[in-house]
Structures are given as C-alpha cells and as structure tokens.
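Residue numbers (my numbering): 768 to 1005.
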Amino acid sequence: MPLVGRSAAEKLGLPFVPPFLAHNGGSFRQGANFAVAGATALNASFFRDIPGVGSFVLNTSSSVQLGWFDSLKPSLCSPAQECVGFFHNSLFFMGEFGVNDYSFSFFGKTLPEVRSMVPDVVKAIKLATKRLIKQTRAKDALFNVRINHPDVRVVYADFFTPVIRIVESPATFGFTSDILRCCCGGGGKYNFNTSAGCGMAGSTVCDYPATYLFWDGHMTEAAYRIIANAWLNSINTS
768 MPLVGRSAAE
778 KLGLPFVPPF
788 LAHNGGSFRQ
798 GANFAVAGAT
808 ALNASFFRDI
818 PGVGSFVLNT
828 SSSVQLGWFD
838 SLKPSLCSPA
848 QECVGFFHNS
858 LFFMGEFGVN
868 DYSFSFFGKT
878 LPEVRSMVPD
888 VVKAIKLATK
898 RLIKQTRAKD
908 ALFNVRINHP
918 DVRVVYADFF
928 TPVIRIVESP
938 ATFGFTSDIL
948 RCCCGGGGKY
958 NFNTSAGCGM
968 AGSTVCDYPA
978 TYLFWDGHMT
988 EAAYRIIANA
998 WLNSINTS
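Structure representation (structure tokens):
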C-alpha cells in the first residue's frame, strides 16, 4: 500500500504487508500490497499517444491490480463460505488513484483537456471500488449504496484538507517554511527537475526529510503520517 496506508496500519497496530509483485513464496494471509509506482486509474492504453508519455513498460492500472487480487484469492481461503468470513473481517485500502492519470496527461494536453478526463478517471475509480467490494462478497458499490446496504461501511478519506493545512501553516506541523520545495531533486526554486530526478546524477537530498512536505514530488513519510492520522481521527469521530 502507499506510505499513507502503511502509516494508518501502523497506527492501528496492524502488520506491514508484503508487496504482491515481490512474492517469495510466503503467505499473504495477513495482507498483500498491490501498489506500484506510477499506477493509474485508467488503463495504460489511454496514455499511449500522449507526447512525452508513450507506452508504459507495464500496465499497472486499477483494473490490473484488482486482477492480481482476484488471482490471489484462492490461496487465501476456500470454500466460498470460508471466504465470506475471511473478507468480512479484512481491511481494504484503496489508494489515491487518479493523481498519475492527471500528471501524465499534462505532458501533452491542455488544462481544459485534462479537466475533460475527470469523469473517466472517477468512473474508473468507482468501478474498481465496486469490483473490490463485490469480489469480497460485501455486496455492491460506494457512497449511495450505504442506504441500500447498511452492512457495508465505506469511508471517504479526505486527502486534500490535511495537505492544505500543512501548506497554510507548515511550522505548526514541524515543516520548513519553504513548503513547496522538494527534499530530493535537481535544483531550482522547488528543487525539482525532470531531467535530474531524485537519485539521478545532478540531484541532491536535504538533510532533514522529516521537515519537508515533498520528497521528490511525492510526499514524505512525515507528511503521509499526518494525513493518515487525520483520516483515522475523522473515522473515529464519524
């Protein structure tokens, strides 16, 4: 799962789960992490003709990751009746799909064109969530389904508000005042350079990552921990 998911798991006292793609023969009965860097909500074919993006080496979209989960299920439980109980007591974390869809598209599209993608991206995320809920025998889809299916608890995690609070008042959370500057990058006002990304020649790393909101364009572990705590607090008070 993304770092924010790991932070939430840590707060709840749950074990960190191994990455599915690095499977070494161990058991996934305590959990599996299907996250892949650069994953999108839409299938890779959507981005093939965008200048600067082109074909992906791997298609790791939301539907592909759910396919991996589907292939894993037989090793977790059987028969079907056992799976009902197994998944009923499981926690599923749907990461922040959609971010990469928009960022990749900015390479070759105008802002109005990217905005026109929003319904397709939202639809892909909704279908993925529906599919996950259906696969785990918890019934059907998302928010409006709460009324029809009170046995399914779906929690919306607000990513935007905690980040804006950090940006508006970085010192309150222990962050540097130069809040938009990356910890690891290739120089410039924001220490971000696409030709000298983090880990590449010409990039540098800050001394105290925990005081930065952004690591390399992605957020730092310290930022994700704050976001995870905000999510858990909102769940506890809802």
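Just so you know, even glycine gets a beta-carbon here, dropped at the ideal spot from N, CA and C. The structure presented is a predicted model; accordingly, all values stated were derived computationally and were not measured.
Going by beta carbons, residue 866 and residue 827 fall outside the 7 Å limit.
Residue 885 is bridged by DSSP to nothing; it lacks a bridge partner.
Judged by DSSP in its simplified three-state form, residue 973 adopts coil rather than helix or strand. The alpha-carbon separation between residue 994 and residue 852 amounts to approximately 30 Å. Out of 886, 960 and 950, the CA that lies nearest to the CA of residue 981 is found in 950. Following the DSSP letters along the chain, one finds residue 832 inside the alpha helix (DSSP H) bounded by residues 829–843. Between residue 881 and the set 931, 836, 814 and 787, the nearest pair of CA atoms involves 814. Between the C-alpha atoms of residue 816 and residue 779 there is a straight-line separation of about 43 Å.
Minimum Cα-Cα distance from residue 932 among the listed residues 997, 953 and 896 corresponds to 997. Contact between the region 965–983 and the region 935–947 is present, with at least three C-beta pairs closer than 8 Å. The secondary-structure analysis by DSSP pairs residue 951 across a beta bridge with 972.
According to DSSP, residue pairing for residue 981 in a beta bridge involves 949 and 986. Counted as a single uninterrupted DSSP element, the alpha helix (DSSP H) harbouring residue 848 occupies residues 847–855. Taking C-alpha positions only, residue 863 is separated from residue 845 by approximately 31 Å. Between residue 801 and residue 832, the CB-CB gap stays under 7 Å. Taken through DSSP and simplified to helix, strand or coil, residue 867 comes out as helix.
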